[in-house]
Amino acid sequence: MDDQEQYAKLFNDIDSQALITLGVILASTVLLIIVSQRGLNWLANRLHGQVRFRVFALVPLTRLLILITALAVAVPIVIEPSLRNMVTLLGAIGLAIGFALKDYVSSLIAGVVSAVELPYRPGDWINIEGTYGEVKHVGMRTVEIVTPDDDLVAVPHLKLWDSAIYNANNGDVSLQCVASFYLHPEHEAGWVRKALRDVALTSAYLKFDKPIIVVAEEKPWGTHYRIRAYPVDPRQQFLFITDLTVRGKQVLSAAGVTPALLPPDAALDSQGAAS
Amino acid sequence: MTQRSTKTAFSPWEMVALESFQTPEQTQASQWRRSWRAATTWIVGREASERQAKEESELRKLSEVALSHWVPAIDWTSAARALSQVTEGYVDAPVVLFISPPHGGHEAVVSHWAQQQGVNCISAPTLNELTEGCLEWVERCGSQHKWVIPALERHFLRHTQGLQGVRELLERALSGRLGQGVIGCDSWTYAYLQHAVGLEGVPVVTLQALEGEQLAHYFAQLADDGGVRPTVYSSRTGQPILTGVSKDSAGGERSYKELQRLAAHCRGHLGIAWHYWRERLREPAGNGDSGRSQEQSQGQPKEPSKESSKELWLLDALAEAELASDTGDVATLLLHTLLIHGGLEDQALGYVLPFSSHEALNARLALARQGILRCHQGRWQVAPLSYASVRQLLESRNYLVDPL
Numbered sequence: 001m002d003d004q005e006q007y008a009k010l011f012n013d014i015d016s017q018a019l020i021t022l023g024v025i026l027a028s029t030v031l032l033i034i035v036s037q038r039g040l041n042w043l044a045n046r047l048h049g050q051v052r053f054r055v056f057a058l059v060p061l062t063r064l065l066i067l068i069t070a071l072a073v074a075v076p077i078v079i080e081p082s083l084r085n086m087v088t089l090l091g092a093i094g095l096a097i098g099f100a101l102k103d104y105v106s107s108l109i110a111g112v113v114s115a116v117e118l119p120y121r122p123g124d125w126i127n128i129e130g131t132y133g134e135v136k137h138v139g140m141r142t143v144e145i146v147t148p149d150d151d152l153v154a155v156p157h158l159k160l161w162d163s164a165i166y167n168a169n170n171g172d173v174s175l176q177c178v179a180s181f182y183l184h185p186e187h188e189a190g191w192v193r194k195a196l197r198d199v200a201l202t203s204a205y206l207k208f209d210k211p212i213i214v215v216a217e218e219k220p221w222g223t224h225y226r227i228r229a230y231p232v233d234p235r236q237q238f239l240f241i242t243d244l245t246v247r248g249k250q251v252l253s254a255a256g257v258t259p260a261l262l263p264p265d266a267a268l269d270s271q272g273a274a275s
Numbered sequence: 001m002t003q004r005s006t007k008t009a010f011s012p013w014e015m016v017a018l019e020s021f022q023t024p025e026q027t028q029a030s031q032w033r034r035s036w037r038a039a040t041t042w043i044v045g046r047e048a049s050e051r052q053a054k055e056e057s058e059l060r061k062l063s064e065v066a067l068s069h070w071v072p073a074i075d076w077t078s079a080a081r082a083l084s085q086v087t088e089g090y091v092d093a094p095v096v097l098f099i100s101p102p103h104g105g106h107e108a109v110v111s112h113w114a115q116q117q118g119v120n121c122i123s124a125p126t127l128n129e130l131t132e133g134c135l136e137w138v139e140r141c142g143s144q145h146k147w148v149i150p151a152l153e154r155h156f157l158r159h160t161q162g163l164q165g166v167r168e169l170l171e172r173a174l175s176g177r178l179g180q181g182v183i184g185c186d187s188w189t190y191a192y193l194q195h196a197v198g199l200e201g202v203p204v205v206t207l208q209a210l211e212g213e214q215l216a217h218y219f220a221q222l223a224d225d226g227g228v229r230p231t232v233y234s235s236r237t238g239q240p241i242l243t244g245v246s247k248d249s250a251g252g253e254r255s256y257k258e259l260q261r262l263a264a265h266c267r268g269h270l271g272i273a274w275h276y277w278r279e280r281l282r283e284p285a286g287n288g289d290s291g292r293s294q295e296q297s298q299g300q301p302k303e304p305s306k307e308s309s310k311e312l313w314l315l316d317a318l319a320e321a322e323l324a325s326d327t328g329d330v331a332t333l334l335l336h337t338l339l340i341h342g343g344l345e346d347q348a349l350g351y352v353l354p355f356s357s358h359e360a361l362n363a364r365l366a367l368a369r370q371g372i373l374r375c376h377q378g379r380w381q382v383a384p385l386s387y388a389s390v391r392q393l394l395e396s397r398n399y400l401v402d403p404l
């Protein structure tokens, strides 16, 4: 009899009116989330530059705010929100999570953390455990990345706890690109450096308020040159690198600079290192 | 440093150092207005977003003869005289750079200056010389006491070979080995060459931006013939912009406000404002003088003094060929490339764009069809009436833009 009274105190009387209210809250929450997510994504995809990233960052935050508000409205309808009741409820939920839904809930909590800390947001180019691509959607449990090969990869947020997240542009429009050139050791390095800088300077994709750096590194098989520069838009990164590579090869070839040729054993070693 | 408050004179030929250049009042507001206009056009359609006091269908274009009478070409000789005065202050500098935005007249101003001073113009290299990285055209410049380059944008190409010549030329010019010179340069080319070549320490001058009041006086003088001027109304508000009498009337303040809108839209550049004035000027369609217009177009211009009550209308400056906000990368890259080169021929596009000549040509054709580009002396350039929206779009997408 005492137990029954305690349970009765924990839950409010769920009459038809309460059920209708809960239904309305649920439907409104789903509707609001769908409208806000689609609306903000639609808007951001039509914007450019910094504003695009600002709007994208609002997507998970808006959803989190809607969910918190819905919970704050719905919970008092179902239970009497006293300290004792809350401790009982949270204890029961904690037990269920601990046994059955640990990873799932861990991802949900990491999703909340990601919405606040913003280690990635839609429009960012990130690398998580070797998967590189553009963040298309930050969901409640997963982050969806589209790779350069157009594969959609869903990575659970719980990777946040123990994996390094590489963010190439971090909510900004500046994303550094690297174009590599492997040259035979016998060449005039100073001229090559200037020529490669000119290749970057004459690219239509170049972002001018960021530096252009040409790095040379001597290797046993020749010289490895890298042009480090920024495209106007992060989405142009592969076109930019291609443009630098194609025109760089043209210039070097016209000047008689030959590419490095690896001896077979060195080629095998480098393949092993790359993998 | 010249302050805007000291602009008491109405002359549009105030030559200032680049760092003293100031865009007109309400330039930022004009950009917001343009964005708002684009959004409302997208939502409610073009017709509904452009509420006009006078419908465009009630107006008709002026004949070429009438246009050349009411809006004659800009005479840049006064600007050349202003340039002459400014260069006198830079006697120790081997080079003075005069920059202006597209359609801003730097080529005409420097050419006039060269004529006034009896100075030799350095000729531009050919496309082949630029693409082959040939330096013979630089050697041909030799050493002269005084020289000018009216349009520096013709002396380079954004191509690995196309920068060699202009580097050599500027290196010689800045070291004084060429003699003393004046270079006219497009403001977009200047912005690019600052990064690609380096122009630190070179004195750079430009024409100060015009406010609405200065534009009103300039256009009034332009149309003034023996004290008679047309009365120009705004099709947007129905209010007069220019009155038929020479003295300012009580409506002056309001007309300046309307022309301030135009000045802000054009960023204070006279060349672009002039194009708006010429291309957006209309006369009432039903005033019964169509026969007279035809006579005029047949080479018999009417005596202006007899046309004291001429009524003209200026169409809304903002309602012109606007670029869609979802313009793709190919079009954007093409527009930026054309601006940096001050216009280009079709055969040069393949050298400076990262896609095939076929794609470049298709994009160019599409933009020309929309009225965004126009051909001038064989070179495709951004049309004056589209310049403001193209610049705003490129700036919003983080492309390199000019300092003016």
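Taken in sequence, the protein lines are chains G and S. Here the UniProt record's numbering is used: the first residue of the first sequence is 1, the next is one more, and so on. Here the UniProt record's numbering is used: the first residue of the second sequence is 1, the next is one more, and so on. Built from N, CA and C at the ideal position, the CB exists for glycine as well. These numbers were taken from a predicted model, which means no experiment stands behind them.
* Asked: Opposite L206 (chain G) in the DSSP bridges: which residues?
  -> Along the first sequence, read from residue 1 onward, the residue named residue 206 (chain G) stands at position 206. Paired residue(s): G:P231.
* Interface residues of chain G facing Y399 (chain S) [CB-CB closer than 9 Å] -> Within the second sequence, numbered from 1, the residue matching residue 399 (chain S) stands at position 399. Going along chain G in sequence order, the residues near Y399 (chain S) (Cβ under 9 Å) are K207, F208 and V232.
* What is the DSSP secondary structure of I272 (chain S), counted as helix, strand or coil? -> As a position in the second sequence, residue 272 (chain S) is number 272, starting the count at 1. Helix, per DSSP.
* **Selection from S:A209, S:Q144 and S:R167 that minimises the alpha carbon distance to residue 462 (chain S)** => There is simply no residue 462 (chain S) to check, as chain S begins at 1 and stops at 404 in what is shown.
* Report the three-state DSSP secondary structure of D289 (chain S) (helix, strand or coil). => Start at 1 with the first residue of the second sequence, and residue 289 (chain S) comes out as number 289. Since pLDDT at D289 (chain S) reaches only 47, below the 50 mark, its modelled position is unreliable, and no value is offered.
* To do: Flag P150 (chain S) as yes if its beta-carbon sits less than 7 Å from any beta-carbon of chain G, otherwise no.
  => Here residue 150 (chain S) corresponds to residue number 150 of the second sequence, with the count starting at 1. Not closer than 7 Å to any Cβ of chain G, the Cβ of P150 (chain S) fails to qualify, so no.
* **Beta carbon proximity, P354 (chain S) to chain G, threshold 7 Å** => Counted from its first residue, the second sequence places residue 354 (chain S) at position 354. Yes, P354 (chain S) lies at the interface with chain G (some Cβ there is under 7 Å from its Cβ).
* To do: Flag this pair as touching only if the stretch 109-120 of chain S and the stretch 194-204 of chain S have three or more C-beta atom pairs under 8 Å; answer yes or no.
  => no
* Taking the DSSP output, what are the residues bridged to R282 (chain S)? -> Locating residue 282 (chain S) in the second sequence gives position 282, counting from the first residue. Paired residues: S:K61 and S:W313.
* Asked: Would DSSP call R374 (chain S) helix, strand or coil?
  -> Numbered from 1 along the second sequence, position 374 holds the residue referred to as residue 374 (chain S). If DSSP states are grouped into helix, strand and coil, R374 (chain S) belongs with the strands.
* **Beta-carbon proximity of Q260 (chain S) to P12 (chain S), cut-off 7 Å** => The count along the second sequence starts at 1 and reaches residue 260 (chain S) at position 260. The count along the second sequence starts at 1 and reaches residue 12 (chain S) at position 12. No.
* In terms of alpha-carbon separation, which member of S:F219, S:Y218 and S:K257 lies closest to T237 (chain S)? -> Sequence index remark: in the second sequence, residue 237 (chain S) carries index 237 (1-based). Checking every option, the nearest Cα to that of T237 (chain S) belongs to S:K257.
* Give me whichever residues DSSP pairs with F181 (chain G) in a beta bridge. => Residue 181 (chain G) sits at position 181 when you count from the first residue of the first sequence. G:Y225, per the DSSP bridge assignment.
* Asked: What first and last residue would you give for the beta strand (DSSP E) that runs through L152 (chain G)?
  -> Within the first sequence, residue 152 (chain G) is the residue found at index 152, counting from 1. L152 to P156 is the span of the beta strand (DSSP E), which, as asked, contains L152 (chain G).
* **Alpha-carbon spacing of L174 (chain S) relative to V148 (chain S), whole angstroms** => Locating residue 174 (chain S) in the second sequence gives position 174, counting from the first residue. Locating residue 148 (chain S) in the second sequence gives position 148, counting from the first residue. Roughly 13 Å between the two C-alpha positions.
* Specify the secondary structure class of M86 (chain G) as computed by DSSP and reduced to three states. => Counting from one through the first sequence, the residue named residue 86 (chain G) turns up at place 86. M86 (chain G): helix per DSSP, three-state reduction.
* Asked: Quick one: which chain G residues come within Cβ less than 7 Å of A196 (chain S)?
  -> Taking the second sequence and counting its residues from 1, the one referred to as residue 196 (chain S) is at position 196. Per Cβ cutoff of 7 Å: L201.
* Out of curiosity, what's the CA-to-CA distance linking S78 (chain S) and D402 (chain S)? -> For the purposes of this step, residue 78 (chain S) is taken as the residue at position 78 of the second sequence. For the purposes of this step, residue 402 (chain S) is taken as the residue at position 402 of the second sequence. When rounded, the distance between both Cα atoms is 24 Å.
* Take the Cβ of L400 (chain S) as the centre, count every other Cβ of all protein chains shown within 10 Å, and call the residue buried at 16 or more, exposed below. => Residue 400 (chain S) sits at position 400 when you count from the first residue of the second sequence. The residue in question, L400 (chain S), is buried, as its Cβ has 16 or more Cβ neighbours within 10 Å.
* Asked: So which of G:G123, G:T202, G:P211 and G:V199 has the shortest CA-CA distance to A168 (chain G)?
  -> The residue labelled residue 168 (chain G) in the question sits at position 168 within the first sequence. It is G:G123 whose Cα lies nearest to the Cα of A168 (chain G).
* Residue from G:R38, G:Y230 and G:I109 whose Cα sits closest to the Cα of H137 (chain G) -> Reading the first sequence from its first residue, position 137 is the one you call residue 137 (chain G). Closest by alpha carbon: G:R38.
* So, is the C-beta of L210 (chain S) closer than 7 Å to a C-beta in chain G? -> The residue labelled residue 210 (chain S) in the question sits at position 210 within the second sequence. No, L210 (chain S) does not count as interfacial toward chain G.
* To do: Identify each residue in the stretch 76-89 of chain G for which the Cβ-Cβ distance to at least one residue of chain S is less than 9 Å, and report them in chain order.
  => none
* To do: Output the residue ranges of the alpha helix (DSSP H) runs that lie fully inside the stretch 165-223 of chain S and measure 4 residues or longer, sorted by chain position.
  => 187-196 and 212-223
* Measure the alpha-carbon distance for H187 (chain G) versus E168 (chain S) and round it to whole angstroms. => Mapped onto the first sequence, residue 187 (chain G) falls at position 187. Mapped onto the second sequence, residue 168 (chain S) falls at position 168. Approximately 24 Å, taken between the alpha carbons.
* With 7 Å set as the bound, which would you pick, yes or no: does the beta-carbon of D198 (chain G) sit closer than that to a beta-carbon of chain S? -> The count along the first sequence starts at 1 and reaches residue 198 (chain G) at position 198. Judged by the 7 Å Cβ criterion, D198 (chain G) is in contact with chain S.
* Asked: Which residues, in order along the stretch 155-166 of chain S, keep a beta-carbon less than 8 Å from a beta-carbon of chain G?
  -> R158, H159, T160, G162 and L163
* Asked: In three-state terms, what does DSSP make of E76 (chain G)?
  -> Within the first sequence, residue 76 (chain G) is the residue found at index 76, counting from 1. The identity of residue 76 (chain G) in the sequence shown is Pro, whereas the question assumes Glu. Helix.
* Report buried or exposed for Q236 (chain G), applying the criterion of at least 16 other Cβ atoms within 10 angstroms of its Cβ. => On the first sequence, residue 236 (chain G) is found 236 positions in, with the first residue counted as 1. Answer is buried; the Cβ neighbour count reaches 16.
* Looking at the C-beta of H157 (chain G), does it have a partner C-beta in chain S at a distance below 7 Å? -> On the first sequence, position 157 is the one that residue 157 (chain G) refers to. Closer than 7 Å: no.
* Shorter than 7 Å from the beta carbon of A168 (chain G) to some beta carbon of chain S? -> For the purposes of this step, residue 168 (chain G) is taken as residue 168 along the first sequence, with counting starting at 1. Cβ-Cβ to chain S under 7 Å: no for A168 (chain G).
* **Separation of L262 (chain G) from L64 (chain G), as counted between CA atoms** => Stepping through the first sequence from its first residue, residue 64 (chain G) is reached at position 64. Stepping through the first sequence from its first residue, residue 262 (chain G) is reached at position 262. Spanning the two alpha carbons is a distance of roughly 54 Å.
* For the stretch 276-284 of chain S and the stretch 392-399 of chain S, state whether three or more C-beta atom pairs, one from each stretch, are separated by less than 8 Å. => no
* **Alpha-carbon spacing of S297 (chain S) relative to L315 (chain S), whole angstroms** => The sequence position of residue 297 (chain S) within the second sequence is 297, counting from 1. The sequence position of residue 315 (chain S) within the second sequence is 315, counting from 1. Confidence is the limiting factor: at S297 (chain S) the pLDDT is only 42, short of 50, which leaves the residue's position unreliable and the question unanswerable from this model.
* Give every residue of the same chain whose Cβ lies closer than 8 Å to the Cβ of V246 (chain G), excluding the five residues on either side of it in the sequence, and list them in chain order. => For this step, residue 246 (chain G) is matched to residue 246 along the first sequence. Once the five neighbours on either side are set aside, V246 (chain G) has no close Cβ partner at all.
* Using a beta-carbon distance below 7 Å, is L333 (chain S) in contact with chain G? -> Looking up residue 333 (chain S) in the second sequence gives position 333. Chain G contact via Cβ: present.
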